[in-house]
Ligand SMILES: [Mg+2]
């Protein structure tokens, strides 16, 4: 069951794993899959454990950031953050899906985005305040589509998420070119070249040179997590869903 399907990009496993952009198709949930989603959403909405992990992650990211930017001139560096389930939560939407007993569709997703009701994750705003206090730029790189960008921007502004640049996606799901444009200073007219010193996300693809295949590598492949990379738990959806059940 593909919920949100990386948030309105695709629903099928094939489309997600191939980086395609097949519009979501309505599907009928099986009761077992629906139960899985219900438990995931319940955990992300209502557990102290989820809140603790998210706060812990932002706190550790802040501590590491202080160390890593020591001596760097203000305005010369940035942090790159994913949006959904990293900065903002769509669990109200997922809860509605559970209540409706159906998968995410393009239509439902677009209606949710237009409501601009995604909320900040615990600790996110404090972390972003710290980034600004230390002199960093904030780059939000999301695979929400370009068509969703105006509502996403308005949503972020409404909940007072500060950012210097917001990059949605056109066709390419890969975030690498967008990170490069930030580093080169071509991402926005008023953004000069900056060094990205930290990445935060809930999907392994939110991090350079990482992917689901990384789990077949040595543990060293994950060596940047806890220092330059910080990941948030998301049992509701993600690229992991394409992996075989083994
Ligand atoms: Mg995400």
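In the numbering used here, the protein residues as written are 43 to 288. All C-beta atoms, glycine included, are put in the ideal place defined by N, C-alpha and C. Because the structure is a prediction, the values reported are computed rather than measured.
Assignment of residue 253 by DSSP, reduced to helix, strand and coil, places it in the coil class. By the neighbour-count criterion, in which a residue is buried when 16 or more other Cβ atoms sit within 10 angstroms of its Cβ, residue 143 is exposed. Ranked by Cα distance from residue 154, the first of 131, 202, 169, 204 is 131. Note on residue 213: under 16 other CB atoms within 10 angstroms of its CB, so exposed under the neighbour-count rule.
Beyond the five residues adjoining it in sequence on each side, residue 125 comes within less than 6 Å, by CB distance, of 182, 184 in the same chain, given in chain order. Around the beta-carbon of residue 282, fewer than 16 other beta-carbon atoms lie within 10 Å, marking it exposed. Shortest gap from the CB of residue 126 to any heavy atom of ligand 1: under 7 Å. Scanning the stretch 80-117 for uninterrupted alpha helix (DSSP H) segments of 4 residues or longer gives 90-110, listed from N- to C-terminal end.
Shown here for residue 97: same chain residues with a beta carbon closer than 8 Å to its own, the five before and five after excluded, namely 164, 165 in chain order. The DSSP-derived three-state label of residue 76 is helix.
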